[in-house]
Amino acid sequence: MLTVNNLAVHYGVIEAIREVSFEVKEGEIVSLIGANGAGKSTILKAVSGLIRPSQGEIVYEGTPITTATPKQIVEKGISQVPEGRHIFSGMTVLENLEMGAFLRKDKNEVEKDLQLVFDRFPILKERKNQDAATLSGGEQQMVAMGRALMSRPRLLLLDEPSMGLAPILIKEIFHIIEEINRTGTTVLLIEQNAKMALKIANRGYVLETGNVVQTGTGEELLESDIIQKAYLGG
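Rendered as structure tokens:
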């Protein structure tokens with residue numbers, strides 16, 4: 001579904017990622033794990049069209065999207081939940097969710113999808129008229145995920161969905177990610193919580209200072225001595 005070949009990204013003279021290659025097959029959850037500064041978020045920004053790679057190719061469903069605009073990429077079926085959630089303050093929960101469907105013209109289907117989001121996140125229905133910026137961190141994460149789902153993505157990019165959340169909410173968010181995947185959405189997950197990310201992943205890639213240094217199934221990486229020592233406290 002998604003293939004990234006020899007990707008490099010520079011911020012001025014700083015090389016953020018270099019010669020990164022990985023793939024995401026339809027129906028999978030693929031996790032990219034690594035420490036802060038490993039280049040995880042940069043990869044997602046490149047896939048989303050928010051930054052331009054200095055080298056390499058990004059192919060989605062057989063079509064190169066390396067130079068596509070963010071709008072074109074959303075239209076193709078890729079949507080991102082950004083790190084830090086980026087809720088629109090001063091707008092209600094409902095208005096935030098509706099922003100996720102801004103490219104869609106099928107109003108009746110948009111309404112159906114809105115109800116599906118409310119079914120998945122009942123607390124958002126209760127608070128649909130509340131300023132989204134006044135919600136808790138966990139609730140804001142639900143808004144950000146619901147907003148992304150309103151574009152009907154076939155591939156959902158999640159950037160640090162557990163950041164800043166209490167442990168009980170982290171479990172809930174990861175349960176929701178699995179549920180979204182089971183209903184047919186492919187997921188590329190960027191996450192510092194390596195244990196949770198690998199537990200739900202079909203496959204994983206480990207990034208260090210801009211390079212992929214290890215890959216395997218989620219189970220294989222969880223059992224790896226190197227991963228245990230570096231990320232799991234083993």
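Just so you know, we're using the UniProt record's numbering here: the sequence shown kicks off at 1 and counts up by one. We put the beta carbon where it would ideally sit given N, CA and C, even for glycine. Here the structure is a predicted model, which means the values were calculated and not measured.
- Bridge partners of His-10 according to DSSP: Glu-15.
- Contact annotation: Asn-202 and Val-9 have beta-carbon atoms that are not nearer than 8 Å.
- For Glu-191, the closest alpha carbon among the candidates Ala-132, Val-212, Leu-32 and Gly-62 is that of Leu-32.
- Using a Cβ-Cβ distance cut-off of 8 Å, the segment 91-99 and the segment 155-169 are not in contact, since fewer than three pairs of beta carbons, one from each stretch, lie closer than that value.
- Under the three-state reduction of DSSP output, Leu-158 falls in the strand class.
- Counting the other CB atoms within 10 Å of its CB gives Met-1 a total of 16 or more, which places it among the buried residues.
- For the pair Leu-189 and Lys-128, the Cα-to-Cα distance works out to about 27 Å.
- Inclusion of Asn-96 and Arg-52 in the CB contact set at 8 Å is not warranted, their separation being larger than that value.
- DSSP places Pro-64 in the strand class (E or B) of the three-state scheme.
- With 16 or more other Cβ atoms inside 10 Å of its own Cβ, Leu-221 counts as buried.
- Here Val-117 really is in contact with Leu-149; their C-beta atoms are around 6 Å apart, less than 8 Å.
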